[in-house]
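Number of protein chains: 2
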Amino acid sequence: MKAQLNLSVLAPETLNLILAPLGPDLEKVEKRLRSVGEECEGVLKDSANYVLCGGGKRLRASLVLFCFSIPKSKKKIEKNKWSKDNSVVRARELATAVELLHSATLVHDDIVDRAVMRRLKPSVNVQFGDDLSVLLGDFLYARAFSMIANLNDRDIVSWMTGMTEDMCAGEIDQLKNRYTVDLGLNDYISFIKRKTAALISSCARCGAKLSGLPAAQISALASFGMNIGIAFQIVDDLLDLVGTETLVGKTLRTDAGNGKMTLPMILLLGQLNAKERGPVIKSLNSLHPDWSYIEGLLKKYQIAQETNRYANDYLNRALEAIREIDSGSRQSLESFSRFVLKRDF
Amino acid sequence: MKAQLNLSVLAPETLNLILAPLGPDLEKVEKRLRSVGEECEGVLKDSANYVLCGGGKRLRASLVLFCFSIPKSKKKIEKNKWSKDNSVVRARELATAVELLHSATLVHDDIVDRAVMRRLKPSVNVQFGDDLSVLLGDFLYARAFSMIANLNDRDIVSWMTGMTEDMCAGEIDQLKNRYTVDLGLNDYISFIKRKTAALISSCARCGAKLSGLPAAQISALASFGMNIGIAFQIVDDLLDLVGTETLVGKTLRTDAGNGKMTLPMILLLGQLNAKERGPVIKSLNSLHPDWSYIEGLLKKYQIAQETNRYANDYLNRALEAIREIDSGSRQSLESFSRFVLKRDF
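These protein sequences, in sequence, are chains A and B.
Numbered by numbering that gives the first Met the number 0, the letters in the first sequence go through residues 0 to 344 in order.
Numbered by numbering that gives the first Met the number 0, the letters in the second sequence go through residues 0 to 344 in order.
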């Protein structure tokens, strides 16, 4: 049974507990995110503040900071030739930049998905219009790249820009494959790897790089991030189908409503008999799907449980990837990861 | 009297003549632009090809290549500490990247402006829909930044990302100031500096940086680019009002139709008597402006001529900025610049 968590604007208690070691740095990241809006003028300031000060779990920033804080073995420190210092200020800049990148994708996704709610507020496209949202997303992307460029780490710049390319290509692939009801599990995993997991993987990878960890550990953390990212998106897709809007804080049922095939729906379609399949397919192609019918079938075939098993499998792969990492840090990353799977929002 | 130029898909004869010294490199840039689409799959490949292989004057790529080809004085070569080689391959990569950046802005602008034609074809938003266009623009931005990052020049990465931020902020500023009929000349110049001229300035600046020119020449070329960029946008805004769609190759009258205040309109409003002003303001706030009435007034007050005088003033500033540059290169840049002002498309 999943515990009902208390949702504060920033993060629920459990998450606060897990993130406690990062507390002061995360606060500074929040402040830095606010400053991005404050440094602007007019409607850009208003809309940037609206997006950047509206809460959010800051999971990506946290992952950067967790990986940055992993202690280096004294023997094998890989020198960063490009950068003059490795202070935590740079890690906070990177953490801020990944939240900006993430926000940019949310702003553009909400246009594409015609979402009306995000973080318990009207989405930017509803509040400021689609036109402004297109340009605001562009600004947030550019601001993020600017901050990343200023880190002066050639690998990080190259990884982050390459990852963003893949992310956009993944989004387009998923958009194109809407209403493809025979979409397979492999296609789905390939979409969410690029759309979601690649950014999360880059957070871990770049946090580790900035900290000066050896190449093998950087790779291990990148793999950890990729698998946790997949698990995260699987849980997100499940919440889109079975979550409560006020708890999750954003418009739900946008996926199936937009014909987007996600894991729970793929698993459900694989179980249905011919009589059930017809009305579900019809629902998926309709502007007003018959949710109560679909919910009944999701329960009947225990789709939530099966979806969670997949998420759990990717969690295990993630934890396996970091078995060589310093045990204190590993424990933090494990708690963080388990939270990702248990969350109701 | 302006000569009617013969418009081919790529560029008219005059421009071809001016760009002749860059010929083989520009061809390779075209090929590289095509490869960006070809390396993709599905609808991303189709839409990227649609945007990137559809012609375009490649003025920005040309400016990169012109500035890269300026001979260095033997005495004062500034070493590029980051890069291993300064071959022309890198200049072509930069030239390709600025065209990708430019294309990304066009794709998103056409959504915001609800344009239906671009480069003599239906605009991407009409051909592939707004949703795909949002994500395609993002992909092109990311691809451009990725290529810029791979140049491994810290200054270029930082200048280009910072400029893109400004460019987006400028776009938003202009969007917000639509229907502001008392917009002043200074506001207008500030918009177009950020929206258009900053990218053109960066093309010159980064081309010069990549070539290893001394800092003073890099600055001079940046200033040249900024002023030519302003002149370019002034001419573009005039063409939007008085140009011929089949010649210009894109939807015209989108500016006034969208309430965007441009120089000719600002100059016109400054000239009108009270009786004329009313219907013009009404037209600007209408979905179907009375174009024949506005065109009559533009002629009566010789607005095209006055607008051209402004463009000419910025051309002179641009040429003044490069008076210390090698004379052969200066001549190429001057022909290029004069073309920008004379064009009918």
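Note that the Cβ used here is the ideal one computed from N, Cα and C, for glycine as well.
Remember, it's a predicted structure, so these values are computed and weren't measured experimentally.
Within-9 angstroms CB hit, residue i to chain A
{"i": "histidine 107 of chain B", "result": "yes"}
{"i": "lysine 75 of chain B", "result": "Low per-residue confidence applies at lysine 75 of chain B: pLDDT is 45, beneath 50, and the placement is therefore not dependable enough to give any value."}
{"i": "valine 156 of chain B", "result": "yes"}
{"i": "glycine 258 of chain B", "result": "no"}
{"i": "isoleucine 147 of chain B", "result": "yes"}
{"i": "leucine 318 of chain B", "result": "no"}
{"i": "valine 125 of chain B", "result": "no"}
{"i": "isoleucine 17 of chain B", "result": "no"}
{"i": "arginine 204 of chain B", "result": "no"}
{"i": "glycine 136 of chain B", "result": "yes"}
{"i": "aspartate 130 of chain B", "result": "yes"}
{"i": "threonine 195 of chain B", "result": "no"}
{"i": "glycine 183 of chain B", "result": "no"}
{"i": "aspartate 186 of chain B", "result": "no"}
Proximal residues to residue i (C-beta, below 6 angstroms), its chain only, five neighbours per side dropped
{"i": "alanine 94 of chain A", "result": "Val28, Ala60, Val63 and Leu64"}
{"i": "lysine 75 of chain A", "result": "Any reading at lysine 75 of chain A must be qualified, since the residue scores a pLDDT of 46, below 50, and its modelled position is unreliable; the value itself is stated next. Pro213, listed in sequence order."}
{"i": "alanine 320 of chain A", "result": "Ala219, Ser222 and Phe223"}
{"i": "cysteine 167 of chain B", "result": "none"}
{"i": "proline 70 of chain B", "result": "Asp325"}
{"i": "lysine 259 of chain B", "result": "Arg177"}
{"i": "valine 180 of chain A", "result": "Ile280"}
Closer than 9 angstroms to chain B by CB, residue i
{"i": "alanine 168 of chain A", "result": "yes"}
{"i": "serine 201 of chain A", "result": "no"}
{"i": "phenylalanine 190 of chain A", "result": "no"}
{"i": "serine 334 of chain A", "result": "no"}
{"i": "arginine 41 of chain A", "result": "In the sequence as displayed, the identity of residue 41 of chain A is glycine instead of arginine. Closer than 9 angstroms to some Cβ of chain B, the Cβ of glycine 41 of chain A qualifies, so yes."}
{"i": "threonine 13 of chain A", "result": "no"}
{"i": "lysine 175 of chain A", "result": "yes"}
{"i": "alanine 94 of chain A", "result": "no"}
{"i": "serine 46 of chain A", "result": "yes"}
{"i": "arginine 142 of chain A", "result": "yes"}
{"i": "glutamate 164 of chain A", "result": "yes"}
{"i": "alanine 103 of chain A", "result": "yes"}
{"i": "isoleucine 110 of chain A", "result": "yes"}
Cβ-Cβ distance between residue i and residue j below 9 angstroms
{"i": "leucine 43 of chain A", "j": "leucine 99 of chain A", "result": "no"}
{"i": "valine 156 of chain A", "j": "valine 156 of chain B", "result": "yes"}
{"i": "histidine 107 of chain B", "j": "valine 133 of chain A", "result": "yes"}
{"i": "leucine 266 of chain A", "j": "isoleucine 302 of chain A", "result": "yes"}
{"i": "leucine 314 of chain B", "j": "serine 336 of chain B", "result": "yes"}
{"i": "aspartate 129 of chain A", "j": "isoleucine 199 of chain B", "result": "no"}
{"i": "leucine 237 of chain A", "j": "threonine 261 of chain A", "result": "yes"}
{"i": "phenylalanine 231 of chain B", "j": "leucine 58 of chain B", "result": "yes"}
{"i": "glutamate 294 of chain A", "j": "valine 241 of chain A", "result": "yes"}
{"i": "lysine 175 of chain A", "j": "glycine 41 of chain B", "result": "yes"}
{"i": "arginine 345 of chain A", "j": "glycine 53 of chain A", "result": "Residue 345 of chain A lies beyond the residue range present for chain A, which begins at 0 and ends at 344; the question has no answer from this structure."}
{"i": "lysine 194 of chain A", "j": "glutamine 173 of chain A", "result": "yes"}
{"i": "alanine 148 of chain B", "j": "alanine 148 of chain A", "result": "yes"}
{"i": "aspartate 150 of chain A", "j": "leucine 209 of chain A", "result": "It is leucine, not aspartate, that sits at residue 150 of chain A in the sequence shown. Contact: yes."}
{"i": "proline 121 of chain A", "j": "serine 68 of chain A", "result": "no"}
{"i": "glutamate 164 of chain B", "j": "serine 145 of chain A", "result": "yes"}
{"i": "asparagine 307 of chain B", "j": "leucine 286 of chain B", "result": "no"}
{"i": "aspartate 137 of chain A", "j": "aspartate 154 of chain B", "result": "no"}
Those residues which DSSP pairs with residue i across a bridge
{"i": "proline 121 of chain B", "result": "B:Met116"}
CB-CB length for residue i against residue j, believed under 8 angstroms
{"i": "leucine 119 of chain A", "j": "glycine 36 of chain A", "result": "Not a contact, Cβ separation roughly 18 angstroms."}
{"i": "phenylalanine 223 of chain B", "j": "alanine 310 of chain B", "result": "Actually they are not in contact, since the Cβ atoms of phenylalanine 223 of chain B and alanine 310 of chain B sit about 15 angstroms apart, beyond 8 angstroms."}
{"i": "alanine 143 of chain B", "j": "alanine 96 of chain B", "result": "5 angstroms"}
{"i": "arginine 91 of chain A", "j": "aspartate 24 of chain A", "result": "6 angstroms"}
{"i": "cysteine 66 of chain A", "j": "alanine 207 of chain A", "result": "5 angstroms"}
{"i": "isoleucine 217 of chain B", "j": "arginine 204 of chain B", "result": "6 angstroms"}
Cutoff 8 angstroms; reference residue i; Cβ partners in own chain excluding five residues on either side
{"i": "serine 102 of chain A", "result": "Val50, Leu51, Gly55 and Leu139"}
{"i": "leucine 271 of chain B", "result": "Val279, Leu296 and Tyr300"}
{"i": "asparagine 257 of chain A", "result": "Asp112, Arg113 and Arg177"}
{"i": "tyrosine 292 of chain B", "result": "Pro278, Val279 and Ser282"}
{"i": "serine 201 of chain B", "result": "Val97, Trp158, Met159, Met162, Ala221 and Gly224"}
{"i": "phenylalanine 338 of chain A", "result": "Thr13, Leu14 and Ile17"}
{"i": "asparagine 284 of chain A", "result": "Tyr178 and Gly258"}
Beta-carbon proximity list for residue i, same chain, < 7 angstroms, skipping 5 on both sides
{"i": "serine 46 of chain B", "result": "Val123, Phe127, Leu131 and Leu135"}
{"i": "cysteine 39 of chain B", "result": "Ala47"}
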